Amino acid sequence: MVRGGGKQVQTMADRLGSTMTSAEASLRSAADDAGQPALASALRDLLTTLQGAHPRVVTGLSTFADEVRIAADAIDQTDVELAGAAPESP
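By our numbering, the letter at position 50 of the sequence shown is numbered 50, and the numbering carries on one by one without gaps.
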């Protein structure tokens, strides 16, 4: 069950990073095209917040993916060791 989880989390991190990049571009464009200064300012503030969170979210998910892969490897190793230690049936 754990096997493949790291890859799934990494895929999620990659997709989220791509989505955040697209959102940043959309916000930047909307802020540039906003006719009202207050709206443009609010959009730029939102863009700044998103840009600050983007790398931390992607890095955090990538680190979690690595940890899931490490756990899967440890489980696999334990399975191998347990199988080797089991008495053979007659």
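All residues carry an ideal CB built from backbone N, CA and C; glycine is no exception.
Source: prediction; values computed, not measured.
- Judged by DSSP secondary structure, E24 falls within the alpha helix (DSSP H) whose first and last residues are 5-33.
- Separation of H54 and G84 (C-alpha to C-alpha, rounded to the nearest whole angstrom) is 45 Å.
- Residue environment analysis places L39 among the exposed positions, since fewer than 16 neighbouring C-beta atoms fall within 10 angstroms of its C-beta.
- By the criterion of a C-beta distance shorter than 7 Å, G5 is surrounded in its chain by V68, A72, once the five residues flanking it on both sides are discounted.
- V9 counts as buried, since no fewer than 16 other beta carbons sit within 10 angstroms of its beta carbon.
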